[in-house]
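**Q** Sharing a structure here in structure tokens format.
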Amino acid sequence: MNTLDDLISSSSRTSGATPDGLARGRVALDAAIAAHPRRVAPGSRSARAYWSGGLRKQAVIIGAAGVAAAAVAATVIAIPSSPAHPTGTKLAGSSARPTLKTAAKPETARRTPTTTVTYSITAAKADLTAAYVFAQAAKGAKGAKAAQYAPDGSVPLVSGWPRARYWHTVEHELGLSRSGQHQPNPGWLGPAP
Amino acid sequence: MTGSQASDAELIAGLPRKPELMGVLYERHAPAVFRYLARRAGRPVAEDLLSEVFIAALSAFPRVEAHDSGSALPWLYGIGLNVLRRHFRQQQLTRSVTRDFAMDWDAVDDRLDAWAERGRLRAALAVLTDSDRELLLLVGWEGLSQAEAATALGISHGATRVRLHRARKRALSVLEKLEHGGPDAHVTTLYAKEQAS
């Protein structure tokens, strides 16, 4: 202990805080703590934070992927709104896209084995919605005068569409009645044949 | 962790998720922090600034770790020094007086019995830089070890040892000159006259 230490030691005397002073400080601190943001541990995030964070991002990504898939699907099934293809050509096994397969069968031959005809759509437009496609199909069906079934597979078109009766499918045409006989059960997009 | 039984290091580690643990640190260390403030700024100011130290610590804890001794006091003293500097800086702006940025000499003088002692202490500490004087007082007034004082000031242990040795040597040389009536003795005389008037 030297002179400097003596001086420092003698100048360090001070009484402690009063209880009131400590209490006031504690009140001010508690108010600050209440207003202070707490950091949430990664493993204990609230459901709200989880939804607003990772799960919401996943949902957005999944939603975007769904929209993209729907757009691709719409492109595949899209059919031109104008008669861009003058004839329908049988292209069984062709890789041309989009293709439309239909189990076509004239009404006069409903109980015969079905014949599969493949049409090649060469000028598909991607801006067609399914509803528009169906509307066009119905319109084409109305314009069909009579069924013209060609054994060689060539199918006439009306306004760019196959004749309406070829849109019937075997599954929709046949039903089983109580008598055990098959009865026509047309489930067609357009007017009944 | 219940809080009251936890060590300072555990409390500091838990603060990011549980800021209310600062209340436990307050109950544990508020008296010591108050004395730290009162020695430098006087009791009235210390009462005002006590909560500010812990509130400032709330925002500082992401960057801090407890000292190796396990005590949070060095960290709190370091925050207290910054709070004091800010306080004195604001005082200087409002009062337009030249004042030490981390010391209220009146508060120090009040604890010394004789005028001569006040002058000698002022003269000895006046030759030191702010950081060297704070280092000397952390060890002399607060009883911190050199390593704890290093934590409080944010400097290395080696630098603390060197600076503390230098500060003591310079302060002692001033005191010796005053005792032998050397060139610096006029500091004590001027101070005594000033206080007497």
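Protein chains in written order, with our numbering: chain L, 866 to 1058; chain R, 22 to 218.
Think of the CB as a built atom: it goes at the ideal place given N, C-alpha and C, for glycine as much as any other residue.
(1) Helix or strand or just coil, what does DSSP make of I176/R?
(2) Residues of chain L with CB under 8 Å from V129/R, in chain order?
(3) For D125/R, which three-state DSSP category applies?
(4) Residues of chain L with CB closer than 8 Å to the CB of M124/R, please, in chain order.
(5) Assess contact between the stretch 180 to 190 of chain R and the stretch 154 to 171 of chain R, defined as three or more Cβ pairs (one per stretch) separated by less than 8 Å. Is contact present?
(6) Once you ignore the five residues that flank D153/R on each side, which residues in its own chain have a CB closer than 6 Å to its CB?
(7) Give, in chain order, every unbroken run of the alpha helix (DSSP H) that is at least 4 residues long and sits entirely within the stretch 29 to 65 of chain R.
(8) Tell me, please, whether the stretch 886 to 900 of chain L touches the stretch 38 to 51 of chain R by the rule of three or more beta-carbon pairs shorter than 8 Å.
(9) Would S70/R and L58/R be called neighbours here (beta carbons separated by less than 7 Å)?
(10) Note down the Cα distance separating R60/R from D131/R, rounded to an integer number of angstroms.
(11) Tell me whether R143/R is buried or exposed, calling it buried when 16 or more other Cβ atoms sit within 10 Å of its Cβ.
(12) In angstroms, rounded to a whole number, what distance separates the CA positions of G886/L and R64/R?
(13) So, for G101/R: in the same chain, excluding its five sequence neighbours on each side, which residues have a beta-carbon less than 7 Å away from its beta-carbon?
(14) Output needed in chain order: residues of the stretch 137 to 163 of chain R with a Cβ under 8 Å from some Cβ in chain L.
(15) State the CB to CB distance for the pair V45/R and H108/R, rounded to an integer number of angstroms; the pair is presumed to be in contact (CB under 8 Å).
(16) Let me know the secondary structure DSSP gives Q113/R once reduced to three states.
(17) Which class does S875/L belong to by DSSP, given the choice of helix, strand or coil?
(18) Please classify S876/L as buried or exposed, where buried requires at least 16 other C-beta atoms within 10 Å of its C-beta.
(19) Whole angstroms is fine: what's the gap from A30/R's alpha carbon to W96/R's?
(20) Just curious, the alpha helix (DSSP H) that L165/R is in, first and last residue?
**A** In terms of the structure at hand:
(1) When DSSP states are grouped into helix, strand and coil, I176/R belongs to the coil group.
(2) Chain L residues near V129/R: S876.
(3) Note: D125/R maps to coil in three-state DSSP.
(4) Near M124/R there are no residues of chain L at all, since even the closest Cβ is about 11 Å away, more than 8 Å.
(5) Three or more beta-carbon pairs drawn from the stretch 180 to 190 of chain R and the stretch 154 to 171 of chain R are found closer than 8 Å, and the two stretches are therefore classed as touching.
(6) R184 and A188, listed in sequence order.
(7) The DSSP assignment places 29 to 35 and 42 to 62 as complete runs of the alpha helix (DSSP H) inside the stretch 29 to 65 of chain R, in order along the chain (cut-off: 4 residues).
(8) Contact between the stretch 886 to 900 of chain L and the stretch 38 to 51 of chain R is present: 3 or more CB-CB pairs across the two stretches fall below 8 Å.
(9) Here the sequence assigns Leu to residue 70/R, which means Ser is not the residue at that position. Yes. Within cutoff.
(10) Going from the Cα of R60/R to the Cα of D131/R covers about 10 Å.
(11) When all chains shown are included, R143/R counts as buried.
(12) Their Cα atoms are separated by approximately 10 Å.
(13) Closer than 7 Å at the Cβ level, and outside the excluded window around G101/R, lie V54, Y57, L58 and V74.
(14) From the stretch 137 to 163 of chain R, only E138, R141, L142, A145, L157, L158, G161 and W162 have a Cβ closer than 8 Å to chain L.
(15) So it is not a contact: roughly 26 Å between Cβ atoms.
(16) In this structure, Q113/R counts as helix in the three-state DSSP scheme.
(17) Of the three classes helix, strand and coil, the one that applies to S875/L here is helix, per DSSP.
(18) Buried: at least 16 other Cβ atoms inside 10 Å.
(19) Going from the Cα of A30/R to the Cα of W96/R covers about 11 Å.
(20) No alpha helix (DSSP H) holds L165/R; DSSP gives it neither H nor E.
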